[in-house]
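Peer 1: Using our numbering, the letters of the sequence shown map in sequence onto residues 15 to 353.
Even for Gly, the Cβ is constructed at its ideal location relative to N, Cα and C.
Small disclaimer: the values here were computed from a predicted structure and weren't measured.
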Amino acid sequence: MSVCYNAGQPKSSARIVTKKYQHSDNLKDFLGPKHWPTWFAYGCIWTLAQLPFSWQMTIGKGLGIAMYHLARSRRHICEVNIALCFPELSAQEQKKLVRDTFISNGRGVMEIGLSWCRDPEDFRARVTVKGQEHLYKALAQGRGVLLVSAHFSTLEIAGSLLALHHQFSVTYRLHKNPLFDTLMKRGRQRHFEEVIERKEVRKAFRQLQRGKILWYAADQDYGPRHSVFAEFFGRPAASITATTTFASVNNSPVIFLAHYRTQNNQCYELIFSEPLTDYPTGDEQQDVLRINTLIEAAIRVAPDQYIWLHRRFKTRPAGLPDPYQRKSPANSDTSETSQ
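#1: Count the other CB atoms within 10 Å of the CB of tryptophan 229; is the residue buried (16 or more) or exposed (fewer)?
#2: So, do the stretch 213-229 and the stretch 154-165 have three or more beta carbon pairs nearer to each other than 8 Å?
#3: Compute the Euclidean distance between the alpha carbons of glutamate 214 and histidine 240, then round it to the nearest angstrom.
#4: Leaving out five residues on either side along the sequence, give the residues of the same chain with a beta carbon under 7 Å from the beta carbon of valine 209.
#5: Please return the same chain residues whose Cβ sits closer than 8 Å to the Cβ of threonine 255, not counting the five positions on each side in sequence.
#6: Following the continuous beta strand (DSSP E) through leucine 284, name the residue where it begins and the one where it ends.
#7: Determine whether the beta carbon atoms of glutamine 234 and histidine 165 lie at a separation below 8 Å.
#8: What distance in whole Å lies between the Cβ atoms of histidine 37 and alanine 195, which are believed to be in contact at a cut-off of 8 Å?
#9: Using a Cβ-Cβ cut-off of 6 Å (strictly less than) and excluding sequence neighbours within five positions of leucine 290, which residues of its own chain qualify?
#10: Spatial neighbours of asparagine 306 within its chain, please: C-beta separation below 6 Å, excluding the five flanking residues on both sides.
#11: From the DSSP output, in three-state form, read off proline 47 for me.
#12: Kindly indicate the opening and closing residues of the alpha helix (DSSP H) around tyrosine 150.
#13: Are glycine 74 and glycine 46 touching if we call contact CB-CB under 8 Å?
#14: Give every residue of the same chain whose Cβ lies closer than 8 Å to the Cβ of leucine 178, excluding the five residues on either side of it in the sequence, and list them in chain order.
#15: Using three-state DSSP, classify proline 250 as helix, strand or coil.
#16: Quick one: any contact between the stretch 310-328 and the stretch 85-97, if contact means 3 or more CB pairs under 8 Å?
#17: Count Cβ pairs between the stretch 146-155 and the stretch 73-88 that sit closer than 8 Å; are there 3 or more?
#18: In chain order, what residues of the same chain have a beta carbon less than 7 Å from the beta carbon of glutamine 319, not counting five sequence neighbours either side?
#19: So, using beta-carbon positions, are alanine 231 and alanine 272 closer together than 8 Å?
#20: Could you name the residues of the same chain whose beta carbon sits closer than 6 Å to that of arginine 132, not counting the 5 residues immediately before and after it, in chain order?
#21: Is there a Cβ from chain C that is less than 8 Å from the Cβ of alanine 152?
#22: For the beta strand (DSSP E) containing serine 183, list its first residue and its last residue.
#23: Helix, strand or coil for alanine 164? Go by DSSP, reduced to three states.
#24: Roughly how many angstroms separate the alpha carbons of serine 349 and proline 335, rounded to a whole number?
#25: Could you pull the DSSP bridge partners for tyrosine 320 from this structure?
#26: Whose CA, out of Ile285, Leu323, Gln339, Ile321, lies closest to the CA of valine 143?
#27: So alanine 311 is in the alpha helix (DSSP H); what residue range does that whole segment cover?
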């Protein structure tokens, strides 16, 4: 990735150029016809965000059901993940969990609009925060706090609701659609102190060194380069080691944050854990496993609210097949799901 500045262009409007996509903070760069579908989608998100909250949750359910029937590749990924992680469930129970996951993700899409286009004060009465005393105590140490979380479908709305109580920065992954990336970044900048692209590691370090809160979702598979294999729901999963790196920079306390929809999807709950003791230990394998265990426990509280639509097990240890590879019935190998 490279950063290019046009002659006479201020650095604040820099364009980030990747191999295929050009990103810009200036919305005027996205007025061409190829960006109109994204503008239309964003217009729909903004318009729906103005509706009453209960309507949005109902629309989100309908959207999720439609996604369940239409997004076949994502449904396949979700089915594989749930079969791997919940082998104790019957086939019918797994199917229901897959459908419920899509419904939850549909509601999450509606919550993107609430987060990016509405004032979070409108929803203050809907949120309950537990364990804030742990965060206050950790902040008082002056070494920053690494707030570890996971990709639940409530991620966007939880961030904006948390911003009602605390200032913090977040890391994110650059989106391949440059206009969507800019809209996403702007939507998040309304609430967060800094929105840091995940490769800008020094920026993230500085937040902790200044005694600030850094929110980091530690549950996706970014490949083998910065990962170790650690158990996740009893399966080997490539798990990023960045949490140990961040925590080591300033000896920052690490707190886990769980966030859920509650009360029939009408309210939200944010739950802070106590700071992890003796973390990191210097043993990456054990440190990563500890984070995975926290994430797994949080998921089991409301498994349908986790984003099972990403390929959590795409990076495999040597000798294990790709679980997402579709197999013909004649050549089906169930060894992975029956471990």
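Peer 2: Taking the coordinates as given:
#1: Per the 10 Å Cβ criterion, buried.
#2: Taking 8 Å as the limit for Cβ pairs, the verdict is that the stretch 154-165 does touch the stretch 213-229.
#3: Distance between the alpha carbons of glutamate 214 and histidine 240 is about 15 Å.
#4: Listed in chain order, the non-local C-beta contacts of valine 209 below 7 Å within the same chain comprise Val184, Tyr186, Lys199, Arg202, Gln203, local neighbours out to five positions each way being set aside.
#5: His240, Ser241, Val242, Glu298, Asp301, Val302.
#6: Counting along the chain, the beta strand (DSSP E) containing leucine 284 begins and ends at 281-286.
#7: Taking C-beta atoms as the reference points, glutamine 234 and histidine 165 count as a pair closer than 8 Å.
#8: The identity of residue 195 in the sequence shown is aspartate, whereas the question assumes alanine. With 8 Å as the limit, aspartate 195 and histidine 37 qualify as a contact, their Cβ atoms being about 6 Å apart.
#9: Close CB contacts of leucine 290 within its chain, under the 6 Å cut and outside five residues either way in sequence, are with Val268 (chain order).
#10: Within its own chain, the residues whose Cβ lies closer than 6 Å to the Cβ of asparagine 306, once the five positions on either side in sequence are excluded, are Ala244, Phe246, Ser253, listed in chain order.
#11: Three-state result, proline 47: helix.
#12: That run of the alpha helix (DSSP H) goes 146-153.
#13: Not a contact, by the Cβ cut-off of 8 Å.
#14: Pro134, Glu135, Arg138, Val141.
#15: Of the three classes helix, strand and coil, the one that applies to proline 250 here is strand, per DSSP.
#16: Touching, yes, given that three or more Cβ pairs across the two stretches are closer than 8 Å.
#17: Touching, no, given that fewer than three Cβ pairs across the two stretches are closer than 8 Å.
#18: Short of 7 Å from the beta carbon of glutamine 319, and not among the five residues preceding or following it, lie these beta carbons of its own chain, in chain order: Ser118, Phe166, Ser167, Thr168, Tyr274, Arg275.
#19: No, they are not a contact pair.
#20: Exclusion of the five residues before and after arginine 132 leaves Ala63 as the residues of its chain whose Cβ lies within less than 6 Å of its Cβ.
#21: Within the model displayed, chain C is absent; a lone protein chain is all it includes.
#22: Looking at the DSSP string, the run of the beta strand (DSSP E) that includes serine 183 is 183-186.
#23: The answer is coil: DSSP assigns alanine 164 none of H, G, I, E or B.
#24: Note on serine 349: pLDDT 44, under 50, position unreliable in the model; no value is reported.
#25: The bridge partners DSSP lists for tyrosine 320 are Phe166.
#26: Ranked by Cα distance from valine 143, the first of Ile285, Leu323, Gln339, Ile321 is Ile285.
#27: Note, alanine 311: alpha helix (DSSP H), 298-315.
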